[in-house]
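So in the working numbering, spot 319 of the sequence shown is number 304, and the numbers just go up one at a time.
Okay, structure first, notes after.
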Amino acid sequence: MKYYSQKRRNNKNKVRKFFSFLIILIIVVSLFEGIDLYINRNKIFPGVSAFGIQLGGLNKEEVKKTLQPIVLKITDSPRVLIFEEEKIKIVPKDDLDASIDLSQTVNELYRIARSGNIFKRIKERIAVWRKGYEVSFQAEFNSQKLKDLQNKVSSLINRIPCDAYLENNRIVESRAGVKLNLEEFDKAILETLSCWDENKYLISIPVITIPPQYTTQDLLKKLGIFQELGAYSTSLKNKEENTIYNIKLASEMINGRLVKPQEVFSFNEYVGPAEKEDGYKESTIIANGRFENGYGGGVCQVSSTLYNAALLANLPIVERYNHSIYGDATRYVPLGRDAAIFFGYKDLRFKNNLDNEIVIFAKVLGDVLQVNIFGQYSDKPEIEIISKDEKVIDYQIIREKDPGLEANQEIVVQEGVPGYKVKTYRIIRKNGEEKIELLSDDTYKSVPMIIKEN
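The following block contains the structure:
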């Protein structure tokens, strides 16, 4: 009897201890939350962030001020959609009715770790404080305007595939068709509506590629053209916009041209005078022994690139001239390997001495001009182009009096350019034998430095 009485007392003590612990726990938790709520009253809890910015400890007005420029950047900053040469500028606010309700956004941030029972709230606050909590926001938009944008972009970039064909002794290359990838396009637009990094506002338009049925390679195979005979490329970096335009235009004139066996190819025959009437723009040219502005600047880079491809294809050069001076505007090829063009006076001509047709492809690919010559060579030799006996001709310094200048003042009105003499050779190696061919013995005039002084 005494044993059972003792057992009941022990059970009562355990119950009392449990409830005492529970009461203390509730008091401690309540006290913790009370202190936490007091410290963070009207403030975002520590660890909460949006758009990669920590917002913990800020009140609602401070959060609004912090996020306002980000929201404006997302909705008002222009994006550029790019595909090949096509660039489409859009402003989300105007073109998609994009907007972000900043007050609602702030309220959502404020509600984090403030819902549920006391234990749930404290658990969430500790997790947010320890691990951080990034809230993602995306601008709302008009779905019909997104469809309108899809249609606009589709009308600009969609194209059907084109098969390769022959026209007027020229190969018109095949071209893949493209179609806007609607799913990926929508995804890219939605991503940009939550992005405030301006480095990501240049958006590549996603497309589905549709291959042609009859490719350029199919046509070349039919013509018996299987082999690359020579290839050369030159850089377009730091070129004037008009120069690049002229280079593209001249390249199109020779691209795909077929040259029959024993036929002599003439650059001027296909490119023409390269004047304003032919669609060319003003750019830097060499005239009267100096660099000047004139129509067709850049065309000589096409002829020079083609010249080097023809050299490497081991084609006989019938006519070629060097420029009168060699400076920054002609450094796209090494000294002695340029080909100056002046319609009616200077041409680039070479002969197809093979038994089969050859074809020239000339294209601008990014910031590179690429020229390839294809044909069929049963036993193509190894080709190397070298320069020898290079000599530098120093430029003169000419001083001219100008009373309009201040005393002891000097102004360089024309930079000096050194002249050169150089010999260029083609080395042909085949079946263990080597043949050296003198291609040119060129002289480039110097350009004097002109200084005005008083």
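Yeah, the Cβ is synthetic: ideal placement off N, Cα and C, and Gly gets one too.
Since this is a predicted model, take the numbers as computed values, not measurements.
- Val303 counts as exposed, since fewer than 16 other beta carbons sit within 10 angstroms of its beta carbon.
- Cα atoms of Gln247 and Asn338: separation of roughly 5 Å, rounded to the nearest angstrom.
- In this structure the segment 143 to 162 does not lie against the segment 121 to 129, because fewer than three pairs of beta carbons, one per stretch, are closer than 8 Å.
- When DSSP reads this structure, Asp427 sits in a beta bridge with Val407.
- DSSP assignment within the segment 37 to 122 yields the following whole beta strand (DSSP E) runs of 3 residues or more, N-terminal first: 64 to 68, 71 to 75, 118 to 120.
- About 7 Å separates the beta carbon of Gly321 from that of Asn307, a gap short enough to meet the 8 Å contact definition.
- Contact between Asp379 and Lys408 does not hold, since the beta-carbon distance rounds to 20 Å and is not under 8 Å.
- The beta carbon of Pro54 sits closer than 7 Å to no other beta carbon from its chain once the five residues preceding and following it are set aside.
- Taken through DSSP and simplified to helix, strand or coil, Tyr380 comes out as coil.
- Judged by their CB atoms, Ile239 and Val138 are not nearer to each other than the 8 Å cut-off.
- Looking at the DSSP output, Val244 shares a beta bridge with Ile343.
- Under the three-state reduction of DSSP, Val318 is assigned to coil, being neither helix nor strand.
- Its chain contains Tyr317, Asp352, Val353 as the residues whose beta carbon lies nearer than 7 Å to that of Ser220, once the 5 sequence neighbours on both sides are disregarded; these appear in chain order.
- Note on geometry: alpha-carbon atoms of Ile210 and Asn341 lie some 8 Å from one another.
- Only residues of its own chain outside the window of five on either side were considered, and among them Ala149, Glu158, Ser159 have a CB closer than 6 Å to the CB of Thr201, listed in chain order.
- The distance from the Cβ of Ile29 to that of Gly37 is about 15 Å, inconsistent with a contact at the 8 Å cut-off.
- Here DSSP, grouped into helix, strand and coil, assigns Tyr255 to helix.
- Between Arg96 and the set Lys233, Tyr410, Asn44, Glu395, the nearest pair of CA atoms involves Asn44.
- The DSSP-derived three-state label of Tyr292 is helix.
- Boundaries of the beta strand (DSSP E) around Tyr280: 275 to 280.
- Phe346 sits away from Leu291, with the two beta carbons spaced by 8 Å or more.
- For Phe170, the secondary structure class from DSSP, reduced to helix, strand or coil, is helix.
- CA-to-CA, the gap between Gly389 and Ile436 works out to about 14 Å.
- Here Gln135 is not near Leu87, since their CB atoms are 8 Å or more apart.
- Under the three-pair Cβ rule at 8 Å, the segment 277 to 284 does not count as touching the segment 384 to 401.
- Using a Cβ-Cβ distance cut-off of 8 Å, the segment 264 to 278 and the segment 179 to 199 are not in contact, since fewer than three pairs of beta carbons, one from each stretch, lie closer than that value.
- Contiguous beta strand (DSSP E) elements confined to the segment 148 to 203 occur at 162 to 165, 187 to 189, 192 to 195, taking only those with 3 or more residues.
- Using a Cβ distance threshold of 8 Å, Ile358 and Leu214 count as a contacting pair.
- Straight through space, the alpha carbons of Lys172 and Gln129 are spaced by roughly 16 Å.
- Collapsing the DSSP output to three states places Tyr217 in a strand.
- When DSSP states are grouped into helix, strand and coil, Ala235 belongs to the helix group.
- Its Cα nearest to that of Tyr199, the residue Pro146 stands out among Ala216, Thr228, Asp82, Pro146.
- The criterion of a C-beta distance shorter than 8 Å is not satisfied by Tyr429 and Tyr330.
- Residue pairing by DSSP puts Ala272 in a beta bridge opposite Arg275.
- For Val192 and Tyr255, the gap between their C-alpha atoms comes out near 35 Å.
- Ranked by how close their Cα comes to the Cα of Val65, the residues Thr177, Leu167, Leu57 have Thr177 in first place.
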